[in-house]
Amino acid sequence: MRPRQRSRAAVLGIGLAAAALAPAEAAPVPAAPAPADTAAEERGADTPYTEYEAEDGDYRGTLLEAEPDRPFGKTNFATESSGRKSVRLDSTGEYVEFTSTTATNSIVVRNSIPDAPEGGGQEATLSLYADGEFVQKLTLSSKHSWLYGSTDDPEGLTNTPGPDARRLFDEAHALLDDTYPEGTEFRLQRDQDDDAEYYVVDLIDLEEVAPPAAKPEECTSITEYGAVPDDGEDDTAAIQEAVTANQDGEIDCVWIPAGQWRQEQKILTDDPEDRGEYNQVGIRDVTVRGAGMWHSQLYTLTPPHEAGGINHPHEGNFGFDIDDNTQISDIAIFGSGTIRGGDGGHEGGVALNGRFGKGTRIENVWIEHANVGAWVGRDHSNIPELWNPGDGVEFTGMRIRNTYADGVNFANGTRNSTVSDSSLRNTGDDALAVWSSKYVEDPAVDVGRDNAFRNNTVQLPWRANGIAVYGGSGNAIENNLISDTMSYPGIMLASDHDPVPFSGETVIAGNGLYRTGGAFWGGQQEFGAITVFPASSDIPGVVIRDTDIHDSTYDGIQFKSGGGAMPDVEITGVTISKSNNGAGVLAQGGARGNAVLTDVEITDSADGDIVVEPGSQFVID
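The sequence shown maps to residues -26 to -1, 1 to 595 in mature numbering (1 follows the signal peptide of the UniProt record, and there is no 0).
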């Protein structure tokens, strides 16, 4: 059993230590090479849970393994699995079993069960045992998974069943009644009354969740405004009233106690001028605190396209619209989206959106089943007199799961902002992105600049990149762990989406990329683990250093053909091993620019260690 410890390279199943013997039906898995230096120990998020791969435990079931090219979009369970492996349980008595390395009182299971025959998902139970004793039934659901269609255009997918499917996995989570000590043998077993056609188990998170935090003296509970926990009734009015009271200076802080709180309208500021549904006003000077992300949970039962009367159709009917100086911490926000844009323009909504401004900090917030976790920035044309780009915005301790588009996107001139120590899994577009768009007051000044993504763990984006930067200046991607991208790079710098041009330096440093890259757009484009794509303009000032790239689906580092050039790229202290279907470093035939490689080690590349295609004007020294 190889548990995946927090803040270590092993968190992504890289195999840095020898794995225990697998069961008889599983072939042994060769370990990946160790990182180049001890700095790799500091990569990724310092998460409070320990992660276990199903295939690394004891199991009775069928091991699913991806093909060498890791095909995506045609109901490929293994391609969409962490480590590109998972275990399928087809018959009564089949199980996945593992021994905990820490005390735990909670469980998260990344799983797949079949869709309902006509679509819309279904629920089924799976049985949890501890040291041979039955603990409880876990309820699994396919309501938020299973998108169909042969197109790679997300707006072209549907919830109506068809032969080709993707986004096959979702997660189930439960707080347990007891705390189980280190060394407990947990088993997920298909019992006779667990009646899904099959269960695919990918990974399990175990965590010792602290008791609910007590209400700070300075905070006022939403219950004082009429909210009632766990009753299934809509608490939006009470939450909105409390937030407005805080914004107006009547109370110092909004408290969301432990409980399930239903929210069917986004929390924002009423606009007395009524400037339209696409021009809403966010909250400012507000503090919202909860008892912990496992305890204080906002949820919606209504998909945004069915909500009616929402303020901004694209941004949905749940979560918060933020304009300035807002702190939100220690809560969960669970949406009810099931698709991104298909089936008549239906969308999953955005949990946190708005101008964001200055003084905004989001800490320890769990977001799931949204279209986007957090979209930072609003177009200048949306009420120009209120335009206030994100400046110094901080996200930390985030847990973003199972979205239909981005995890966190710094757009519209966001600057000096960070996402750190956060985990993102199964996002439907870039897990983390800077998009220095031109929808700002002055594109010459309002540049997406000096933002950083540091010490994050990104797993299993089912569309687009692990981390991406589109234009801007001085942005940094540092000390992250990125694994198992379905179709795009682990890290991408690109000048598509019409951004403000790149300038200054863009630094990619201290990262670990494992099993990243992929093929997309009908297989017409193959992406490297790190890809630089000057689609429309130059990308100068690229620095890549102190990074490990292992087991890439295609190239390790790829310089892509485009309308711009990539001058003076610096690559230092990089290890590239096992580029399965590509080169260690590739310059495509239409690529222009140059790169200097220093202390770069490349091994086991299918198409050659350094390849410059015929016709390329890219020079590698």
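Yeah, the Cβ is synthetic: ideal placement off N, Cα and C, and Gly gets one too.
In this text, all values refer to a predicted model and were calculated from it rather than measured experimentally.
In terms of DSSP beta bridges, what is residue 565 paired with? Reading the sequence shown from its first residue, position 591 is the one you call residue 565. Paired residues: none, contrary to the question.
Secondary structure of residue 358, DSSP reduced to three states: Against the sequence shown, residue 358 aligns to sequence position 384. Reduced to three states, the DSSP call for residue 358 is helix.
Where DSSP assigns a beta bridge to residue 150, which residues make up the other side? For the purposes of this step, residue 150 is taken as residue 176 along the sequence shown, with counting starting at 1. None; residue 150 has no bridge partner.
Count the other CB atoms, across all protein chains shown, that sit within 10 Å of the CB of residue 445; report buried if there are 16 or more and exposed otherwise. Residue mapping note: residue 445 aligns to position 471 of the sequence shown, counting from 1. Buried, because 16 or more other Cβ atoms sit within 10 Å of the Cβ of residue 445.
Residue range of the beta strand (DSSP E) that includes residue 36: One-based indexing of the sequence shown puts residue 36 at position 62. It spans 36 to 39 - the beta strand (DSSP E) in which residue 36 sits, taken as one unbroken run.
Is the stretch 59 to 74 touching the stretch 502 to 514 in the sense that three or more CB pairs, one from each, lie closer than 8 Å? no
Between the stretch 24 to 34 and the stretch 526 to 543, do three or more beta carbon pairs fall short of 8 Å? no
C-alpha distance - residue 267 paired with residue 576, whole-angstrom precision: For the purposes of this step, residue 267 is taken as residue 293 along the sequence shown, with counting starting at 1. For the purposes of this step, residue 576 is taken as residue 602 along the sequence shown, with counting starting at 1. Residue 267 and residue 576: Cα-Cα distance of roughly 42 Å.
So who's on the other strand from residue 522, going by DSSP bridges? By one-based count along the sequence shown, residue 522 stands at place 548. Bridge partners of residue 522: 486, 549.
Segment contact, 8 Å Cβ cut-off, at least three pairs: the stretch 41 to 48 with the stretch 68 to 86: no
How about residue 385 and residue 349: are their beta carbons less than 8 Å apart? Taking the first residue of the sequence shown as 1, we reach residue 385 at position 411. Taking the first residue of the sequence shown as 1, we reach residue 349 at position 375. A contact, by the Cβ cut-off of 8 Å.
Please state whether DSSP places residue 319 in a helix, a strand or coil. Sequence index remark: in the sequence shown, residue 319 carries index 345 (1-based). Here residue 319 sits in helix by DSSP.
In whole angstroms, give me the CA-to-CA distance for residue 283 and residue 471. For this step, residue 283 is matched to residue 309 along the sequence shown. For this step, residue 471 is matched to residue 497 along the sequence shown. Each residue's Cα considered, the two are about 31 Å apart.
Please specify which runs of the alpha helix (DSSP H), each continuous and at least 4 residues long, are wholly inside the stretch 281 to 352, giving them in chain order. 316 to 319
Just to confirm the assignment, what range does the alpha helix (DSSP H) spanning residue 202 have? Position 228 of the sequence shown, counted from the start, is the residue given in the question as residue 202. It is not in any alpha helix (DSSP H) - residue 202 carries neither H nor E in the DSSP assignment.
Find the nearest neighbour of residue 447 within the set 439, 421, 440, judged by alpha-carbon distance. Mapped onto the sequence shown, residue 447 falls at position 473. For residue 447, the nearest C-alpha among the options comes from 421.
Would you call the stretch 86 to 104 and the stretch 179 to 187 touching, i.e. three or more CB-CB distances under 8 Å? no
Any idea which residues DSSP pairs residue 160 with across the strands? Taking the first residue of the sequence shown as 1, we reach residue 160 at position 186. 72, 104, per the DSSP bridge assignment.
Residue 564 versus 540, 551, 547, 590, residue with shortest Cα-Cα distance: Taking the first residue of the sequence shown as 1, we reach residue 564 at position 590. Nearest C-alpha to residue 564: 590.
Please work out which residues of its chain come closer than 7 Å, Cβ to Cβ, to residue 378, disregarding the five sequence neighbours upstream and downstream, and give them in chain order. If you number the sequence shown from 1, residue 378 lands on position 404. Once the five neighbours on either side are set aside, the close Cβ partners of residue 378 are 311, 313, 314, 322, 345, 402.
I'd like the list of long-range same chain contacts for residue 232, defined as Cβ closer than 7 Å, with 5 residues on each side in sequence excluded. Locating residue 232 in the sequence shown gives position 258, where the first residue counts as 1. Same-chain partners within the cutoff: 186, 265, 269, 270.
Taking C-alpha atoms, which residue in 74, 469, 22, 92 lies nearest to residue 596? Because the chain here runs from -26 to 595, residue 596 falls outside it and cannot be looked at.
Residue 347 versus 336, 357, 356, 354, residue with shortest Cα-Cα distance: The residue given as residue 347 occupies position 373 in the sequence shown. Considering only alpha carbons, the answer is 336.
What beta strand (DSSP E) runs, 3 residues minimum, are completely inside the stretch 48 to 99? 59 to 63, 69 to 73, 78 to 86
Given this structure, state the Cα-to-Cα distance separating residue 390 from residue 381, to the nearest angstrom. Position 416 of the sequence shown, counted from the start, is the residue given in the question as residue 390. Position 407 of the sequence shown, counted from the start, is the residue given in the question as residue 381. Residue 390 and residue 381: Cα-Cα distance of roughly 18 Å.
Inter-residue CB distance, residue 547 and residue 519 (contact presumed, cutoff 8 Å): Here residue 547 corresponds to residue number 573 of the sequence shown, with the count starting at 1. Here residue 519 corresponds to residue number 545 of the sequence shown, with the count starting at 1. Contact flag correct, Cβ pair sits at about 5 Å.
For residue 585 and residue 529, what's the separation of their Cα atoms in angstroms? To locate residue 585, count along the sequence shown from 1; it is residue 611. To locate residue 529, count along the sequence shown from 1; it is residue 555. When rounded, the distance between both Cα atoms is 10 Å.
If you follow the beta strand (DSSP E) that residue 531 is part of, which residue opens it and which one closes it? Residue numbering aside, residue 531 sits at position 557 when the sequence shown is read from its first letter. It spans 531 to 533 - the beta strand (DSSP E) in which residue 531 sits, taken as one unbroken run.
Kindly indicate which residue of 298, 488, 477 has the alpha-carbon position closest to the one of residue 331. Walking along the sequence shown from the start, residue 331 turns up at place 357. Among 298, 488, 477, the Cα nearest to that of residue 331 is on 298.
Endpoints, the beta strand (DSSP E) within which residue 505 is located: As a working mapping, residue 505 is identified with position 531 in the sequence shown. Note, residue 505: beta strand (DSSP E), 504 to 507.
Sort out for me which residues DSSP pairs residue 572 with in a bridge. Translated into the one-based positions of the sequence shown, residue 572 becomes position 598. DSSP lists 546 as partners of residue 572.
Let me check one thing: in DSSP terms, what residues is residue 368 bridge-paired to? Here residue 368 refers to the residue found at position 394 when the sequence shown is read from its first residue. Paired residues: 335, 392.
Cβ distance (whole Å) where residue 96 is taken to contact residue 116 below 8 Å: Position 122 of the sequence shown, counted from the start, is the residue given in the question as residue 96. Position 142 of the sequence shown, counted from the start, is the residue given in the question as residue 116. 6 Å between Cβ atoms; contact.
Applying the criterion that 16 or more other CB atoms from any shown protein chain within 10 Å of the CB defines a buried residue, is residue 319 buried or exposed? Taking the sequence shown and counting its residues from 1, the one referred to as residue 319 is at position 345. Classification for residue 319: exposed.
Mind checking which residues open and close the alpha helix (DSSP H) that includes residue 383? In the sequence shown, counting from the first residue as 1, residue 383 sits at position 409. Where residue 383 is concerned, there is no enclosing alpha helix (DSSP H), although the beta strand (DSSP E) it sits in stretches over 382 to 385.
Given a threshold of 16 other Cβ atoms within 10 Å of its Cβ, counted over all protein chains shown, does residue 355 qualify as buried or as exposed? Within the sequence shown, the letter at position 381 stands for residue 355. Per the 10 Å Cβ criterion, exposed.
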